[in-house]
Structures are given as C-alpha cells and as structure tokens.
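Respectively, the protein sequence lines represent chains Y and A.
This note's numbering numbers the first residue of the first sequence as 1 and each following residue consecutively.
This note's numbering numbers the first residue of the second sequence as 133 and each following residue consecutively.
Don't be surprised by glycine CBs; every beta carbon is placed ideally from N, CA and C.
Owing to the predicted nature of the structure, the values given are computational and were not obtained by experimental measurement.
In what follows, a structure is listed as structure tokens, so that the remarks can point back to it.
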Amino acid sequence: MLLASHYNYWIVIALMMIGLYMVIAQGNLVKKIIGLNIFQTSVFIFYISVGKVDGGGAPILNEGEVLYSNPLPHVLILTAIVVGIATTALALALIIRIKRAYGSIEERDIQAAEEMQERSAHHARVSAGKEQ
Amino acid sequence: MLAHLPILQVILPLMAAPSCLLIRKANLVWLFTLAVSFAALIVSVLLLQQVYATGPISYTLGGWQAPWGIEYRIDLLNAWVLFIVTALSTVVLTAAHTSVQKELEPNRQTVFYTLYLLCFAGLLGIVATGDAFNVFVFLEISSLSTYALIALGKDRRALWAAFQYLIMGTIGATFILIGIGFLYMMTGTLNMADLAARIPPLSESTTVLAAFAFIFLGICLKLALFPLHLWLPNAYSCAPSIVTAFLAATATKVALYLLLRFTFTVFGVDFSLSHLPLDILLVGLGLVGVFAASIVAIYQANIKRMLAFSSVAQIGYMVVGIGIGTATALQATLLHMFNHALMKGGLFLALAGLVYQLGACRIEQFRGLGRTMPWTMAAIVVGGISLIGMPLTVGFVSKWYLIAAAIEQQLWWVAVLVVLGSLLAVAYIWKLVEAAYFQAPEVDAVKEAPLGILLPTWLLIAANIYFGIDTRLPVEVTSAASQFLLGGAAQ
Numbered sequence: 001m002l003l004a005s006h007y008n009y010w011i012v013i014a015l016m017m018i019g020l021y022m023v024i025a026q027g028n029l030v031k032k033i034i035g036l037n038i039f040q041t042s043v044f045i046f047y048i049s050v051g052k053v054d055g056g057g058a059p060i061l062n063e064g065e066v067l068y069s070n071p072l073p074h075v076l077i078l079t080a081i082v083v084g085i086a087t088t089a090l091a092l093a094l095i096i097r098i099k100r101a102y103g104s105i106e107e108r109d110i111q112a113a114e115e116m117q118e119r120s121a122h123h124a125r126v127s128a129g130k131e132q
Numbered sequence: 133m134l135a136h137l138p139i140l141q142v143i144l145p146l147m148a149a150p151s152c153l154l155i156r157k158a159n160l161v162w163l164f165t166l167a168v169s170f171a172a173l174i175v176s177v178l179l180l181q182q183v184y185a186t187g188p189i190s191y192t193l194g195g196w197q198a199p200w201g202i203e204y205r206i207d208l209l210n211a212w213v214l215f216i217v218t219a220l221s222t223v224v225l226t227a228a229h230t231s232v233q234k235e236l237e238p239n240r241q242t243v244f245y246t247l248y249l250l251c252f253a254g255l256l257g258i259v260a261t262g263d264a265f266n267v268f269v270f271l272e273i274s275s276l277s278t279y280a281l282i283a284l285g286k287d288r289r290a291l292w293a294a295f296q297y298l299i300m301g302t303i304g305a306t307f308i309l310i311g312i313g314f315l316y317m318m319t320g321t322l323n324m325a326d327l328a329a330r331i332p333p334l335s336e337s338t339t340v341l342a343a344f345a346f347i348f349l350g351i352c353l354k355l356a357l358f359p360l361h362l363w364l365p366n367a368y369s370c371a372p373s374i375v376t377a378f379l380a381a382t383a384t385k386v387a388l389y390l391l392l393r394f395t396f397t398v399f400g401v402d403f404s405l406s407h408l409p410l411d412i413l414l415v416g417l418g419l420v421g422v423f424a425a426s427i428v429a430i431y432q433a434n435i436k437r438m439l440a441f442s443s444v445a446q447i448g449y450m451v452v453g454i455g456i457g458t459a460t461a462l463q464a465t466l467l468h469m470f471n472h473a474l475m476k477g478g479l480f481l482a483l484a485g486l487v488y489q490l491g492a493c494r495i496e497q498f499r500g501l502g503r504t505m506p507w508t509m510a511a512i513v514v515g516g517i518s519l520i521g522m523p524l525t526v527g528f529v530s531k532w533y534l535i536a537a538a539i540e541q542q543l544w545w546v547a548v549l550v551v552l553g554s555l556l557a558v559a560y561i562w563k564l565v566e567a568a569y570f571q572a573p574e575v576d577a578v579k580e581a582p583l584g585i586l587l588p589t590w591l592l593i594a595a596n597i598y599f600g601i602d603t604r605l606p607v608e609v610t611s612a613a614s615q616f617l618l619g620g621a622a623q
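This is the structure we're talking about:
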C-alpha cells in the first residue's frame, strides 16, 4: 500500500542511490558528472512531489477550482535546476581542461600522473642534495 | 539609506561583480574591487554597531512580510561574522594587486576579480539571510565561484583539486537542499525564525531528524570537519595564493556560522545538543581532527599544504567549542573564528610573498630565509606563535576560553587534549623556524617580498598581537553574541 501510494518517493530514493553510487564508483569524470546529475534530479523530483496536493489542479485562478497544488516547492526547484546546470557546465569545462593537461579523463590515470610527478620531483631534490 | 544596510551588504558586491567585466583594465578592476570590499566593510561595521546598540534588525526584501517573503535578519552572531569576512577580504585584497599580477596571466586578472566578488557576495549572502532556501542559493553562488577561483592556479593539479572540490561541494550542498526540503514538508515554512518556532513540537518526528542529519552532514562537508576534510588540503595548496588567503580566512568561518545557525537557532539547543548525542560527536570529531590533521601537517613538504592541514586542525578546536555548548565554550568558538581568520590570513599572505619571490613554497626553500627575507619570515614566526597559542597573541585568548569552558564542565580530558594538540602545532612551526634560521641559504640572491604584500601581511600579524593584548572588542561582542545564541534558543 505504502509502495503504491508513494511510488514517486521510492523512485526518488532509487535515483538518489544510483546517482551517489555512480559518483563514487565511476572512474570516468564525465560519468561521475552524469551520476551527480542523476543525484540532483532525484532531489528535484522529491521537491515536486512534496508540492503535489491530491486531486489539486494547477495553481491558476479558475472559476470553481478551489483545490490546487502548492506552487512554492516548484518555484524553488526552478532555482535549484539553474544551479544544477551551472554546476554541470563548470564541471564539463574543468574536464576539458583536465583532458588537455593530463591527456585523460580517467581518475586512475590522473592519480598515477600525480604520483609520477611527485616522485620525480622528489628524486630531483634528492640528487640535487647529493651534488652539494 | 541606514534602513537598507542589510541588503546593501550583499547587493553591493553582487552588482559590482559583473561591472568588473565592463571596466576590463586589470589595475582599475583591482581598485574597484578594493573599493567595493571596503564599502562592504563600512556597512558591516555600521550594522555591528547598530545591532550591538539596539538588538536584531529585520529587513524584508521587496516589502514582502517575513514568513512569506525573504527576510534578512541581522543579529549579533551574523553581524560579527559579516565583520570578520569583510575586514579580512579588504586586507587580503590590498595584497592582491602585486600577487595576482605575478601569478595570473593578464587576460585572466579581470575574471579573477569578478569571481572574487561573486564569491564574496555569496559568503555575505549566506550570513545575512534569514531564509533557509536562500542559504542554499548563496552557498552555490559562493561555491561555484570558488571552484573556478581554485582552477585558476598555475599547476595542473589545481584543475584536479577544483574538480574534486566540485564533486564534494555539490554533494554537500544537495544534502542541505534535501534537509531543507524535509523541513518544508513538516513545517510549511522556510523562514529561519518561523522554523525555530515550529520545530520544537515536532522534535520526535523522524522526518525532522532526517532533515537535521542531511543539513548537518552537508554543512560539515563544506566546513571540512575531520573525516570530511579531504578536499581542503588540495584545494588550498593548488589555488592562487590570494585565493588561499581569502578562503582560509573567510569560507570556513562562514560554514561554521551555518553550523551554529542551524544547530542553535533553527533546531534549537535542546534538540541538537540534548535530544541528540551531538555534543559527544562534535567534541570527539573535533579532537580527533586536531590530532590527525596536526600530525599529517608535520610531514608536509609543501608549506601551503601544511598550513591547510593546520586549518583542518583549527576547525577542530572551533567545533569542540560548539560541542561543549556552554556560553563560555561558544564564546571560545566565536573568538577563534576571528582569531583564526587573523592568523591564517596573515600566514597565507606571508606565503603569497614567498611564492612571489620563489615561485613555490617548499620546506627546502625555507633554508636561510631568516637572513634573505627577514620581514616575511618574522611574520611567519609571529603568526606561527599565535597558531600555537602563546600568551600575548590572539591564539592564546581563544584557547584560554576553550580550556576554561572545558574545565567548567569538568571535562578535564578535553582541556588536556587541547593543550597537547597545541604542542603538535609547535612541531610543525618549529620545522619552518629551524630551516629559516639555522640552515644556510640555498640561493643568496633571494630578495625580500614586495611592500605591496608585506604591508597587508604585517597589518594582520600586528592585529594578532594587538587583539592578543587588548581583547576588549572581540571579547565583548562574542560574549554578548554567545549569550544571545543560548538565550534565543531557550525561549
């Protein structure tokens, strides 16, 4: 009964978990961002579900219509969608620059490159120290 | 004019940010940004005076009355934080011209100041607003500009650090959004004062508990509280020096303010600290953070990174104060917010001077700096002493209050651990002193940092000593603010 009447909330939970799992488990940066988007979208659906009133119509002044959905959460989520788009755009821009700088968008490759750089810098310092 | 101060505080930098793009010339943009930041400082001083004299100010945006429209509510707590943010931003900006010119390419300098002002506006907005959803919006304004600011760093690692912070920061902000959604579901309001009135009867509801958990976790991610701090060291060490100084002095303080605002004002002290075992959690995590981060800091070769870990440790002290939750402990936290901003602002500006001359700041480069860059090194030493918490510096004042608060509550072990944690700070500061004063210089030709950076650095370092001796202003304000926080929660 709970499952059927609140099915949208179950979808929210499922999407939220899928999104978070993708952010954590995926090594590809673009896939991470897709996961982040799914995670954010689940929250949008959550807000929209909260605003729905059973049997209510659109919140427009109509003759005879007295019951309507709460428009406030819907308006709030418009703002959150804009924020989500800005985040995605910024993240993709960063990914392009990461690709140019590291030659890869796989987390593993980037971390390996970091360690290489750290190690070679360390060797350079050690050998410089020996010469003195 | 005076009646509109709360909104002016936020709208001024917000409108100034896009104007930077019209001015274009880097020198003029810098002057403009500095002027805007200084104007914001004046506004915040006026607000602080007004609130201290007459009590909280409520400002309704566009004339829409409070629970329906967005309300800006300035009380002693956020007036104090607004003052810290604007004051530190103004000092940091005076040094920005010299440092940014050296570290950023000419075509990126205008963009830098635009992003800086956006971030500044976002931080001020978080603090000034009395509306829970508005907090989320401003949080994202400041976060998005912060990611871009970090990515301006020279090294390619800056990109990776910015990306990691973006992922963590977005998850944190979305958690806060979920929490606010739950609260709206239960109470039908987004106004903080209204929420505070409606939550107590619902304190047994699991939805409210879930809301609290999401908001708390989201804020702790932004705050970089110990196990959630992983983004901070990379972000601080890769960002341009000015950005590091600005973020270290202001951004963590604003996150801490949010934690205080939600735990004490919105949910109320009875709910957060008595109903939930949050006191043990905060004291525990805070102390573990102090030790873990300080020990890691000792082993860092990159000094920016070392001080970043030290920031994580200092956040630990502030959180311990919230966890103890008495008036004295809260006062210690509020004092340490101000004092830590002075210390880290000064220290990171000194490092900016170092980066200006040496291009980087690794421990090997500190050899002999006591002779080649005496003023910069002296600033680092005084800042370090303040970080350790020796008498006659601000660090001593806040640690003193924190230890007094712990002893008041018979928490002797907390007091002992706070002192031991300070000893760890001695270890990493000593490493710098040893390299700078007891080892021969690698290169003799290193010159002292330019005055443009040195003067603001010493302004902050001098403030460390001044407020360590003449403690009247911060102590009076924080004492009143902490009593207000607890009194406001008891009603």
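- Message: Going by DSSP, what residue range makes up the beta strand (DSSP E) through residue 204/A?
- Response: Numbered from its first residue, the second sequence carries residue 204/A at position 72. For residue 204/A, the enclosing beta strand (DSSP E) covers residues 203-206.
- What residues are listed by DSSP as bridge partners for residue 106/Y? Taking the first sequence and counting its residues from 1, one reaches residue 106/Y at position 106. DSSP output for residue 106/Y lists 28/Y as bridge partner(s).
- Item | When 290/A, 257/A, 433/A and 276/A are compared against residue 498/A, the one with the closest alpha-carbon | Counting from 1 along the second sequence, the entry for residue 498/A is found at position 366. Ranking 290/A, 257/A, 433/A and 276/A by Cα distance to residue 498/A puts 433/A first.
- Consult DSSP for residue 512/A and reduce its assignment to one of helix, strand or coil. In the second sequence, residue 512/A corresponds to position 380, counting from 1. Three-state result, residue 512/A: helix.
- Message: If the cut-off is 7 Å on Cβ atoms, which residues from the region 489-516 of chain A count as contacting chain Y, listed in chain order?
- Response: Against chain Y - using a Cβ distance shorter than 7 Å - the residues of the region 489-516 of chain A are 496.
- Smallest Cα separation from residue 382/A: which of 325/A, 478/A, 431/A and 421/A? Numbered from 1 along the second sequence, position 250 holds the residue referred to as residue 382/A. Distance check between residue 382/A and each of 325/A, 478/A, 431/A and 421/A places 478/A closest, using alpha-carbon atoms only.
- Query: Just how far apart, CA to CA, sit residue 45/Y and residue 547/A?
  - Reply: Taking the first sequence and counting its residues from 1, the one referred to as residue 45/Y is at position 45. Taking the second sequence and counting its residues from 1, the one referred to as residue 547/A is at position 415. Taking the Cα positions, residue 45/Y is about 47 Å away from residue 547/A.
- Query: Is it true that the CB of residue 255/A sits closer than 8 Å to the CB of residue 300/A?
  - Reply: Numbered from its first residue, the second sequence carries residue 300/A at position 168. Numbered from its first residue, the second sequence carries residue 255/A at position 123. One thing to note: residue 300/A has its Cβ no nearer than 8 Å to the Cβ of residue 255/A.
- Check the DSSP bridge columns for residue 275/A and list the partner residues they point to. Position 143 of the second sequence, counting from 1, holds the residue named residue 275/A. Looking at the DSSP assignment, residue 275/A forms no beta bridge with any residue, so it has no partner.
- Task: Could you name the residues of the region 86-107 of chain Y whose beta carbon sits closer than 8 Å to any beta carbon of chain A, in the order they occur along the chain?
- Result: Going along the region 86-107 of chain Y in chain order, one finds 86, 87, 90, 91, 94, 95, 97, 98, 101 and 102 with a Cβ nearer than 8 Å to chain A.
- Query: Taking Cβ positions only, does residue 283/A come closer than 8 Å to chain Y?
  - Reply: Position 151 of the second sequence, counting from 1, holds the residue named residue 283/A. By this cut-off, residue 283/A is an interface position.
- Starting from the beta carbon of residue 47/Y, find every residue of chain A whose beta carbon is closer than 7 Å, and list them in chain order. Within the first sequence, the letter at position 47 stands for residue 47/Y. Listed along chain A are 313, each with a C-beta nearer than 7 Å to that of residue 47/Y.
- Using the beta-carbon count (16 or more within 10 Å), is residue 153/A buried or exposed? Start at 1 with the first residue of the second sequence, and residue 153/A comes out as number 21. By the C-beta density criterion, residue 153/A is exposed, having fewer than 16 other C-beta atoms within 10 angstroms.
- Rounded to a whole number of angstroms, what is the C-alpha to C-alpha distance between residue 368/A and residue 317/A? To locate residue 368/A, count along the second sequence from 1; it is residue 236. To locate residue 317/A, count along the second sequence from 1; it is residue 185. Straight-line Cα distance between these residues: approximately 38 Å.
- Go ahead and label residue 450/A buried or exposed: buried means 16 or more other beta carbons lie within 10 angstroms of its beta carbon, across all protein chains shown. Along the second sequence, one-based indexing puts residue 450/A at 318. Answer is buried; the Cβ neighbour count reaches 16.
- Task: Buried or exposed for residue 235/A, please, with buried defined as at least 16 other CB atoms from any protein chain shown within 10 angstroms of its CB.
- Result: The sequence position of residue 235/A within the second sequence is 103, counting from 1. By the neighbour-count definition (other C-beta atoms within 10 Å, threshold 16), residue 235/A is a buried residue.
- Query: Nearest-angstrom Cα distance between residue 413/A and residue 358/A?
  - Reply: Position 281 of the second sequence, counted from the start, is the residue given in the question as residue 413/A. Position 226 of the second sequence, counted from the start, is the residue given in the question as residue 358/A. Distance between the alpha carbons of residue 413/A and residue 358/A: 11 Å.
- Item | Given 8 Å, three or more beta-carbon pairs between the region 51-61 of chain Y and the region 100-120 of chain Y | The region 51-61 of chain Y, when compared against the region 100-120 of chain Y, does not touch it at the 8 Å Cβ threshold.
- Message: Assuming the contact rule is C-beta atoms closer than 8 Å, residue 457/A and residue 411/A should be a hit. Round their C-beta distance to whole Å, please.
- Response: For the purposes of this step, residue 457/A is identified with residue 325 of the second sequence, where counting begins at 1. For the purposes of this step, residue 411/A is identified with residue 279 of the second sequence, where counting begins at 1. Correct: roughly 6 Å between the Cβ atoms.
- Write down every uninterrupted run of the beta strand (DSSP E) in the region 133-199 of chain A whose length is 3 residues or greater and which is fully enclosed by it, in chain order. The qualifying runs are 189-192.
- Query: Can you name, in chain order, every residue of its own chain whose Cβ lies under 8 Å from the Cβ of residue 588/A, other than the five neighbours on each side?
  - Reply: Here residue 588/A refers to the residue found at position 456 when the second sequence is read from its first residue. Non-local beta-carbon contacts of residue 588/A in its own chain, meaning distances under 8 Å to residues more than five positions away in sequence, involve 223, 224, 226, 227 and 481 in chain order.
- Query: Bridge partners of residue 57/Y, per DSSP?
  - Reply: As a working note, residue 57/Y is residue 57 in the first sequence. Paired residue(s): 68/Y.
- Message: If contacts are defined as beta-carbon pairs under 8 Å, then residue 419/A and residue 549/A qualify, I think. What distance do you get, rounded to the angstrom?
- Response: Within the second sequence, numbered from 1, the residue matching residue 419/A stands at position 287. Within the second sequence, numbered from 1, the residue matching residue 549/A stands at position 417. Between residue 549/A and residue 419/A the Cβ distance is about 5 Å, and since that is below 8 Å, they are a contact.
- Task: Can you have a look at residue 73/Y and say buried or exposed, based on whether 16 or more other CB atoms are within 10 angstroms of its CB?
- Result: Sequence index remark: in the first sequence, residue 73/Y carries index 73 (1-based). Looking at its Cβ environment, which holds 16 or more other Cβ atoms inside 10 Å, residue 73/Y is buried.
- Message: If I measure Cβ to Cβ from residue 179/A and keep anything under 6 Å in the same chain, skipping five residues before and after, which residues do I get?
- Response: Position 47 of the second sequence, counting from 1, holds the residue named residue 179/A. In chain order, 137, 206 and 211 place their CB closer than 6 Å to the CB of residue 179/A, counting only its own chain and leaving out the 5 sequence neighbours on each side.
- Item | Through-space distance from residue 469/A to residue 512/A, alpha-carbon basis | The residue given as residue 512/A occupies position 380 in the second sequence. The residue given as residue 469/A occupies position 337 in the second sequence. Spanning the two alpha carbons is a distance of roughly 19 Å.
- Any chance the region 69-83 of chain Y sits against the region 257-276 of chain A, with 3 or more Cβ pairs inside 8 Å? The answer is yes - the region 257-276 of chain A touches the region 69-83 of chain Y, with three or more Cβ pairs under 8 Å.
- Along chain A, in chain order, which residues have C-beta atoms closer than 9 Å to that of residue 40/Y? The residue labelled residue 40/Y in the question sits at position 40 within the first sequence. By Cβ distance, chain A contributes 302, 306 and 309.
- Query: What's the gap between the Cα of residue 441/A and the Cα of residue 297/A?
  - Reply: Here the question's residue 441/A lines up with position 309 in the second sequence. Here the question's residue 297/A lines up with position 165 in the second sequence. Across the structure, residue 441/A and residue 297/A are spaced so that their CA atoms are roughly 16 Å apart.
- Range covered by the alpha helix (DSSP H) that runs through residue 588/A: In the second sequence, counting from the first residue as 1, residue 588/A sits at position 456. Following the DSSP letters along the chain, one finds residue 588/A inside the alpha helix (DSSP H) bounded by residues 583-601.
- Message: Assuming contact is defined by CB atoms lying nearer than 8 Å, are residue 517/A and residue 508/A in contact in what I supplied?
- Response: Here the question's residue 517/A lines up with position 385 in the second sequence. Here the question's residue 508/A lines up with position 376 in the second sequence. It is not a contact, given that the beta carbons lie outside the stated cut-off.
- Query: Taking Cβ to Cβ, would you say residue 252/A is nearer than 8 Å to residue 275/A?
  - Reply: Stepping through the second sequence from its first residue, residue 252/A is reached at position 120. Stepping through the second sequence from its first residue, residue 275/A is reached at position 143. No. Outside cutoff.
- Query: Between the beta-carbon of residue 26/Y and the beta-carbon of residue 19/Y, is there less than 8 Å?
  - Reply: On the first sequence, position 26 is the one that residue 26/Y refers to. On the first sequence, position 19 is the one that residue 19/Y refers to. By the CB criterion at 8 Å, residue 26/Y and residue 19/Y fall outside the cutoff.
- Task: Evaluate the contact criterion for the region 333-349 of chain A versus the region 400-407 of chain A: three or more CB pairs, one atom per stretch, below 8 Å.
- Result: Cβ pair count under 8 Å is three or more, so yes.
- Message: Within the continuous alpha helix (DSSP H) that includes residue 369/A, where are the two ends?
- Response: The residue you call residue 369/A lines up with position 237 of the second sequence. Run containing residue 369/A: 363-370, per the alpha helix (DSSP H) assignment.
- Message: Counting only Cβ-Cβ distances shorter than 8 Å, please list the residues of the region 20-35 of chain Y near chain A, keeping chain order.
- Response: Of all residues in the region 20-35 of chain Y, the ones placed with a Cβ closer than 8 Å to any Cβ belonging to chain A are 20, 23, 29 and 32, in chain order.
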